[in-house]
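Heads up, the sequence shown is in the numbering used here, so the first residue is 2 and it goes up one at a time.
What follows is a set of notes on a single structure, which appears directly below.
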Amino acid sequence: MPRGGSTSPLERYSEQICALIGEHPDLTLNEIASALHKRRIPGSRSALSRFFARHGITFKKSLQAEERKRADVARARRRWIREQGWLDTARLVFIDETAVTTNMVAP
């Protein structure tokens with residue numbers, strides 16, 4: 002028997018929790034907790050995290066956006082790749098938006 006021997010109070014709401022993430026798969030853990038609180042379902046972020054781990058529910062993101070599979074997006078990507086050769090590289094401007102300051106570099 003696991004230590005403590007108790008079950009999570011979230012278990013009685015498992016169908017409602019699974020339905021919520023089925024309807025809105027892109028919700029963050031905070032958003033799921035907030036949505037559950039609005040439905041008067043108790044649970045903290047850590048309790049939800051353990052609930053998902055117990056049930057084998059993961060929220061892994063794919064390495065490529067789903068939109069890439071759409072025909073119009075694929076067509077636009079092919080056109081962009083084809084037209085890159087026409088760019089005048091002498092006129093390209095690169096903007097560094099990493100917000101790194103040079104005084105952070107050690108001598």
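Cβ coordinates follow ideal geometry from the N, Cα and C atoms, glycine included.
- Per DSSP, the unbroken alpha helix (DSSP H) holding VAL74 starts and ends at 72–84.
- Between the region 28–44 and the region 75–89, the count of Cβ pairs shorter than 8 Å is below three; the stretches do not touch.
- For ALA91, no alpha helix (DSSP H) encloses it, and the DSSP letter there is neither H nor E.
- Straight-line spacing of the CA atoms in VAL94 and LEU49 works out to 46 Å.
- In the three-state reduction of the DSSP assignment, ILE58 falls in the coil class.
- Judged by beta-carbon spacing, GLN17 lies within the 9 Å limit of ARG40, meaning their Cβ atoms are closer than that value.
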